[in-house]
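Mapping of the sequence shown onto my numbering: position 183 corresponds to residue 199, and the numbering continues sequentially without gaps.
Ideal placement from N, C-alpha and C gives every residue a C-beta, glycine not left out.
Keep in mind it's a predicted model, so treat the numbers as computed, not measured.
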Amino acid sequence: MSESIDLALTGSVLPGHDVERAHVALAQLLKITEVRAIALLQGQETIIKRGLNKLQLPQYQTALARIGIGTRVIEPTPPANLIANTHLEKPMLTLIGGDGHASGPDEMITCPACGAEQTRRTECRGCGADIEKARAVLAQKARMAKLGEVTAWRPPSANLLKEAPLEYRMTPPFFSFSMEGRYGRARFLAYQLAMYSLMMAGLVISMLLGFGVLGVTAMISVLLATSVMSIRLTVLRLHDIDRTGKWALLLFLPPLSFFLFVFLIVVPGTEGDNDYGMEDEHPSIVVKLCGGICGILFLLGCVGMMLVR
């Protein structure tokens with residue numbers, strides 16, 4: 017089975033969501049005009065992301081569902097079965113000419129979005145816009161222009177969530193076993209500080225319990241939990257720079273683990289979404305402060321090691 021799918025809008029707003037707010041939120045999310053967003057929610061299915069990795073699908077569906085937009089997953093049709101599965105394609109719309117008569121199959125039409133001249137078809141060969149929707153949007157634009165609210169139309173964004181607003185970005189929780197998602201540099205350092213603080217507290221408690229079975233069990237549990245958390249933080253930071261989490265195995269090689277840590281705190285993450293999902297939220301002041309403290313402690317530790325030598 018293919019690892020990539022197409023994601024489409026159903027053209028409807030989910031129950032319990034305000035339609036007007038959904039229009040505004042969709043326009044912000046896809047970086048399109050509000051008029052274009054209205055046209056996408058007229059009950060007709062529209063593919064907005066092709067070749068989407070299945071691992072990224074939940075993030076896109078969550079972001080769209082949060083603003084009340086219905087979606088549907090479309091499995092790519094193999095070329096050999098393309099003819100046999102023509103029921104999956106959109107029906108060819110009958111285009112009405114200026115004289116009110118239906119256009120013939122070979123009649124030339126002009127795309128209202130980009131001006132490309134072509135034979136009758138649903139999607140423009142030049143810009144990929146839905147011609148009927150573009151006409152409807154331009155008609156709406158003309159009506160709005162009379163009210164003094166002129167809004168330009170443009171083709172749909174090529175990269176969904178490329179620059180998604182902050183409220184739609186996904187940030188993996190601190191306590192989790194999931195290896196999916198991304199952490200930026202500040203969050204990575206802040207969570208490192210939190211992890212080692214919890215580890216020190218756990219070791220102190222285990223020492224207070226003594227060196228009996230209970231104390232030793234507590235100490236081993238703390239060290240195992242810290243190791244798992246360290247691996248997860250490293251994997252999510254690697255994802256942020258579009259690298260596989262397998263590089264986290266270098267943590268078990270002390271000489272190389274140091275250089276891996278330096279690499280992770282120096283190299284910035286990729287902008288927008290990458291193979292491992294969307295960017296995490298911009299760090300808060302607290303996260304930045306904790307990240308800065310962790311960075312300073314790391315530098316002081318490096319200086320101390322140099323002085324000892």
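| message | Just verifying my parser: in three-state terms, what is the DSSP assignment at V283? | response | Here residue 283 corresponds to residue number 267 of the sequence shown, with the count starting at 1. Correct three-state label for V283: coil.
| said: Let's test the definition: count the other Cβ atoms within 10 Å of the Cβ of M256 and tell me whether it reaches 16, buried, or not, exposed. | reply: Residue 256 sits at position 240 when you count from the first residue of the sequence shown. In the sequence as displayed, the identity of residue 256 is Asp instead of Met. Buried, since its Cβ has 16 or more Cβ neighbours within 10 Å.
| So, is S222 buried or exposed, given that buried needs 16 or more other C-beta atoms within 10 angstroms? | In the sequence shown, residue 222 corresponds to position 206, counting from 1. Buried is the call here.
| Beta-carbon proximity of G59 to A206, cut-off 8 Å | Looking up residue 59 in the sequence shown gives position 43. Looking up residue 206 in the sequence shown gives position 190. In this structure, A206 does not lie closer than 8 Å to G59 by Cβ.
| request: Kindly indicate which residue of H39, R82, G285 and F227 has the alpha-carbon position closest to the one of A202. | output: On the sequence shown, position 186 is the one that residue 202 refers to. That would be G285, whose Cα lies nearest to the Cα of A202.
| field | Cβ contact (3+ pairs, closer than 8 Å) linking the stretch 190 to 204 and the stretch 248 to 255 | value | yes
| Just to confirm, are A55 and I83 a CB contact at a threshold of 8 Å? | One-based indexing of the sequence shown puts residue 55 at position 39. One-based indexing of the sequence shown puts residue 83 at position 67. No.
| said: Do T87 and T26 count as a contact pair if the criterion is CB distance below 8 Å? | reply: In the sequence shown, counting from the first residue as 1, residue 26 sits at position 10. In the sequence shown, counting from the first residue as 1, residue 87 sits at position 71. Yes, the Cβ-Cβ distance between T26 and T87 is below 8 Å.
| query | Comparing alpha-carbon positions, which option in L57, G311 and D258 lies nearest K149? | reply | Here residue 149 refers to the residue found at position 133 when the sequence shown is read from its first residue. The option with the nearest alpha carbon to K149 is L57.
| said: Which of the three DSSP states is assigned to R203 in this structure? | reply: Your numbering for residue 203 matches position 187 in the sequence shown. In the structure shown, R203 sits in a helix (DSSP, three-state: H, G or I).
| request: Buried or exposed for M294, please, with buried defined as at least 16 other CB atoms from any protein chain shown within 10 angstroms of its CB. | output: The residue labelled residue 294 in the question sits at position 278 within the sequence shown. When all chains shown are included, M294 counts as buried.
| Name the DSSP bridge partner or partners of E36? | Locating residue 36 in the sequence shown gives position 20, where the first residue counts as 1. DSSP lists no partner for E36.
| query | Per DSSP, what kind of secondary structure is R259 in: helix, strand or coil? | reply | By one-based count along the sequence shown, residue 259 stands at place 243. Reduced to three states, the DSSP call for R259 is coil.
| query | So is P189 buried or exposed if we call it buried at 16+ other beta carbons inside 10 Å? | reply | In the sequence shown, the residue the question calls residue 189 occupies position 173. Exposed, because fewer than 16 other Cβ atoms sit within 10 Å of the Cβ of P189.
| request: Please determine, among S246, M235 and P271, the residue with the shortest C-alpha to C-alpha distance to S192. | output: Taking the first residue of the sequence shown as 1, we reach residue 192 at position 176. Among S246, M235 and P271, the Cα nearest to that of S192 belongs to S246.
| Looking at V232 and L219, is the spacing between their C-beta atoms short of 8 Å? | Locating residue 219 in the sequence shown gives position 203, where the first residue counts as 1. Locating residue 232 in the sequence shown gives position 216, where the first residue counts as 1. Contact: no.
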